[in-house]
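Remarks on the structure that follows.
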Amino acid sequence: MRGALLVAGTSSDAGKSAVVAGLCRWLWRRGVSVAPFKAQNMSNNSVVTVDGGEIGRAQAMQAHACGLAPSVEFNPVLLKPGSDRSSQVVVRGRVAGQVSAVSYRARTAALGAVVAESLAGLRARFDVVVCEGAGSPAEINLRAGDITNMGLAQAAGLPVVVVGDIDRGGVLAHLFGTLAVLDRADQARVAGFVVNKFRGDPALLAPGLDRLRALTGRPTFGVLPWSERLWLDAEDSLSAVADAVVGRPAPPWGAEWLRVGVVRLPRMSNATDVEALACEPGVAVRYVSEPSRLVDVDVVVVPGSKATVADLGWLRRSGLAAAVVAHAGAGKPVLGICGGYQMLGRRIVDPGGVEVVGGADVAGLGLLDLEVRFEAGKHLGTPVGTAWGQRVRGYEIHHGRVVVSGDPVLVEEPGEGSDAGVVLGTHWHGLLENDGFRRVLLTRLAGLAGRDGFVVAPGTDFAAERAAQLDVLGDLVADHLDTAALESVIANGAAPDLPVLSSTLVEAGSRRSPARTPGWTG
């Protein structure tokens, strides 16, 4: 089998990333040479690839589903929002400036050429490439410069499957409306639909799907059920819900739970760092967005940020800064990761305006004895070392460098991070994914928090947990989608002469079949 497919969605967080990963896992387990692709991603959750660049975390997860190491070719354009109006542009893994929503349009032609080259290279190397759209193709206000949804489908000749999230309600209208707002040529690319996150009896949904087919002339390739097991590597910020427990924590091994509060920063990045903690039995991880939620937690985590200085200001305005300082002052542990680590220091200096136009020199929370200076060049790395007697690895993505530190290091080799007893910090993302280190850390954190009844589970294997979730996705595709029909779409494209919805369809379609309705053309 050779070919390609674009998986689009009715909205962000509809399940595009999961469906792509599931399709990749299903094909890979069948022995198909398959790769993921997302032309343009907008996310502050990213990883460092083996070729030394930076891509969206979802594409790294999808690469693992294919049995591949992450590569910059899987996500050639990455936008990392630093505010509501500007984003850092990463092209083939390297920073290529800042853009606003308006100025980005002037770059799409050049970036489209980069996207086309990357996708063509993957299609030459792999039998199948499963592409993921961004946001929704129904964002027709952006169609003229689109390089990741229908623009990509037209340029590369890709058939499209549209995924809708039924858990939010209105999925039939969302699927119908997404198709209806597209122009004739784009509609011809849409082969059919997938319904995602369904809870209940499929027989109740069947009449709606039959009606959807009658209205659009397109099949629904299957209904994916809601799965409690799927929560790791959630890329969209909509998944980081304040006050909600992260994951599905198993009961504690000992007599007590360990409660972890993760500050939900406005520009939080790599929020998935804490998912390794959430995999541990007896560890309850929650995102918090106001001070009262820290009153009862045992451990506070300040995560990464794409806008460290701005998020530090928000931390103070919200009252959370004072709550974090009080938590540490009471002898309870605080852990900072990347941008959160920088906030815990004495001072942050941005002389060149990397984050703040005109530069900045601001006081940190003063919980660690360090000074951070921002530099224009972004530091990317995949370091290995030793921490607390455990071999560890991680990845680094940051502009800020520690230029002065009086604290003992957290990672003894090569000498990184800070260990000030109650307060700890590191620039390394992924450090908590190291099983041995995580067990030692949790034991120490529980002791500092006075949770003597907490016992670390001896056998949690984070890499195995992640692989198991990929297998769940592959099973869902194999068990609940019409894989024979999808194979045909991948190999042959959308069916020829599909009906085109016009403005008269809604009025006429309720009375006539699609083939006889004056509102149908093509």
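Mind the numbering: the sequence shown is residues 0 to 521 in numbering that gives the first Met the number 0, read in order.
Each residue gets a CB set at the ideal place from its N, CA and C atoms; glycine is no exception.
Could I get the ranges of all uninterrupted beta strand (DSSP E) runs contained in the stretch 254-295, with 3 residues as the minimum, in chain order? Fully enclosed beta strand (DSSP E) runs of 3 or longer: 257-262, 282-287.
Is it true that the CB of glycine 344 sits closer than 8 Å to the CB of glycine 352? no
Residue range of the beta strand (DSSP E) that includes glycine 575: Since the displayed the chain opens at 0 and closes at 521, residue 575 lies outside it and no answer follows.
In three-state DSSP terms, what is glutamate 432? helix
For methionine 41, which of Thr177, Val89, Thr48 has the nearest alpha-carbon? Val89
Terminal residues of the continuous alpha helix (DSSP H) containing threonine 107? 107-124
DSSP-derived helix/strand/coil call for leucine 174: Helix.
Rounded separation between serine 86 and glycine 363 - CA only: 24 Å
Using a C-beta cutoff of 8 Å, does serine 42 count as contacting chain B? The structure shown contains no chain B; it is built from a single protein chain.
Proximity winner among Arg93, Val49, Glu354, Arg400, relative to glycine 81 (alpha-carbon distances): Glu354
I'd like to check one pair, asparagine 491 with asparagine 269: are the Cβ atoms closer than 8 Å? Asparagine 269 places its beta carbon 8 Å or farther from that of asparagine 491.
7 Å CB neighbourhood of glycine 134 in its chain, flanking five on each side removed: Ser11
N-terminal and C-terminal residue of the beta strand (DSSP E) that arginine 29 is part of: Secondary structure note for arginine 29: it is in no beta strand (DSSP E), with a DSSP letter that is neither H nor E.
Rounded separation between arginine 285 and valine 421 - CA only: Looking at the two C-alpha atoms, the distance is approximately 20 Å.
In this structure, does DSSP put threonine 307 in helix, strand or coil? helix
Within 10 Å of its beta-carbon, does asparagine 140 have 16 or more other beta-carbons around it, so buried, or fewer, so exposed? exposed
Where do the ends of the alpha helix (DSSP H) carrying phenylalanine 461 lie? 461-479
Given a threshold of 16 other Cβ atoms within 10 Å of its Cβ, counted over all protein chains shown, does serine 509 qualify as buried or as exposed? With a pLDDT of only 40 at serine 509, under the threshold of 50, the placement of this residue in the model should not be trusted; the figure read from the coordinates follows. Counting Cβ neighbours within 10 Å, serine 509 comes out exposed, since fewer than 16 surround it.
Ends of the beta strand (DSSP E) at proline 224? 219-224
DSSP three-state call for arginine 510: helix, strand or coil? Only weak support is given to the placement of arginine 510: the predicted model assigns it a pLDDT of 39, under 50, and the question is left unresolved by the model.
Is valine 410 helix, strand or coil by DSSP? strand
On the criterion of 16 or more Cβ atoms from any shown chain inside 10 Å, does arginine 515 qualify as buried, or is it exposed? Note that arginine 515 has pLDDT 31, beneath the 50 cutoff, so the model's placement of it is unreliable and no number is given.
Once DSSP output is grouped into helix, strand and coil, what is the label at glycine 537? An answer regarding residue 537 cannot be provided, because it is not within the stretch 0 to 521 covered by the chain.
Please report how far the alpha carbon of alanine 283 lies from the alpha carbon of leucine 293, in whole angstroms. 13 Å
For phenylalanine 73, which of helix, strand or coil comes out of DSSP? Annotated three-state conformation of phenylalanine 73 is helix, per DSSP.
According to DSSP, which residues form a beta bridge with tryptophan 87? Looking at the sequence shown, residue 87 is not tryptophan but glutamine. Paired residue(s): Lys79, Gln97.
Using DSSP bridges, identify the partner residues of alanine 494. Answer is none; alanine 494 lacks a bridge partner.
Does the distance from the CB of valine 371 to the CB of glycine 399 come in under 8 Å? yes
Using the C-alpha atoms, what's the distance from alanine 187 back to threonine 177? 13 Å
Looking at the structure shown, is leucine 141 part of a helix, part of a strand, or coil, going by DSSP? Assignment of leucine 141 by DSSP, reduced to helix, strand and coil, places it in the helix class.
Methionine 41 - DSSP class collapsed to helix/strand/coil: strand
Alanine 68 in three-state terms, based on DSSP: coil
Where arginine 450 falls: helix, strand or coil (DSSP): coil
Within 8 Å, do at least three Cβ pairs link the stretch 140-157 to the stretch 1-21? Taking 8 Å as the limit for Cβ pairs, the verdict is that the stretch 140-157 does touch the stretch 1-21.
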